[in-house]
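Numbering (our numbering), first residue to last: 127 to 281.
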């Protein structure tokens with residue numbers, strides 16, 4: 127899987143985690159209590175089961191600025207459009223992310239920001255090189271990954 131797609135999925139997973147937390151505690155039939163008509167309309171158009179899943183995060187979503195609310199709505203729509211297999215893959219990736227130690231997550235976030243700041247040609251080159259590592263044995267893959275990191279992100 128290309129690195130860019132993996133990174134985007136990871137970010138999406140984190141956002142969905144906020145949205146999907148504790149769905150069993152959701153109450154039926156309750157919508158947002160804000161005066162934001164776009165959010166109200168979006169909420170009313172969701173199927174009942176999805177409203178239940180998102181209910182616990184409703185107050186958090188309402189507290190976000192409108193542009194962040196729009197981003198979350200778009201991410202939720204992309205999630206709804208995924209096949210069951212894609213949803214399962216996303217859940218597995220998020221589970222791995224949750225199980226990572228906080229310092230490892232911080233390291234990955236920092237690497238992602240550095241990656242985004244690379245010039246387009248270097249970014250594509252790095253993606254190609256990382257893609258070639260996917261079939262290597264774990265120890266060799268890790269060694270080459272570290273070499274690439276030093277090559278592209280000298281600090």
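In this text, a Cβ means the ideal position worked out from N, Cα and C, and glycines have one as well. Since this is a predicted model, take the numbers as computed values, not measurements.
Secondary structure at residue i, three-state DSSP: helix, strand or coil?
{"i": "residue 216", "result": "helix"}
{"i": "residue 210", "result": "helix"}
{"i": "residue 245", "result": "coil"}
{"i": "residue 261", "result": "helix"}
{"i": "residue 196", "result": "helix"}
For the alpha helix (DSSP H) holding residue i, just list the boundary residues, first then last.
{"i": "residue 188", "result": "184-189"}
{"i": "residue 241", "result": "228-242"}
{"i": "residue 264", "result": "264-278"}
{"i": "residue 177", "result": "174-180"}
Where does residue i land, buried or exposed, given buried means 16+ other C-beta within 10 angstroms?
{"i": "residue 165", "result": "buried"}
{"i": "residue 208", "result": "exposed"}
{"i": "residue 158", "result": "Summary for residue 158: the model assigns pLDDT 41, below 50, so the residue's position carries little reliability, and this model does not support an answer."}
{"i": "residue 181", "result": "buried"}
{"i": "residue 156", "result": "Bear in mind that a pLDDT of 41 at residue 156, under 50, signals an unreliable position, so the model cannot answer this."}
{"i": "residue 202", "result": "buried"}
{"i": "residue 204", "result": "exposed"}
{"i": "residue 226", "result": "exposed"}
{"i": "residue 262", "result": "exposed"}
{"i": "residue 177", "result": "buried"}
Pick from the options: whose alpha carbon is nearest that of residue i?
{"i": "residue 233", "options": "172, 275, 201 and 267", "result": "275"}
{"i": "residue 256", "options": "270, 229, 247 and 184", "result": "270"}
{"i": "residue 170", "options": "224, 199 and 246", "result": "199"}
I think residue i touches residue j, with their Cβ atoms under 8 Å apart; what is that distance to the nearest whole Å?
{"i": "residue 279", "j": "residue 240", "result": "5 Å"}
{"i": "residue 187", "j": "residue 174", "result": "17 Å between Cβ atoms; not a contact."}
{"i": "residue 248", "j": "residue 259", "result": "So it is not a contact: roughly 17 Å between Cβ atoms."}
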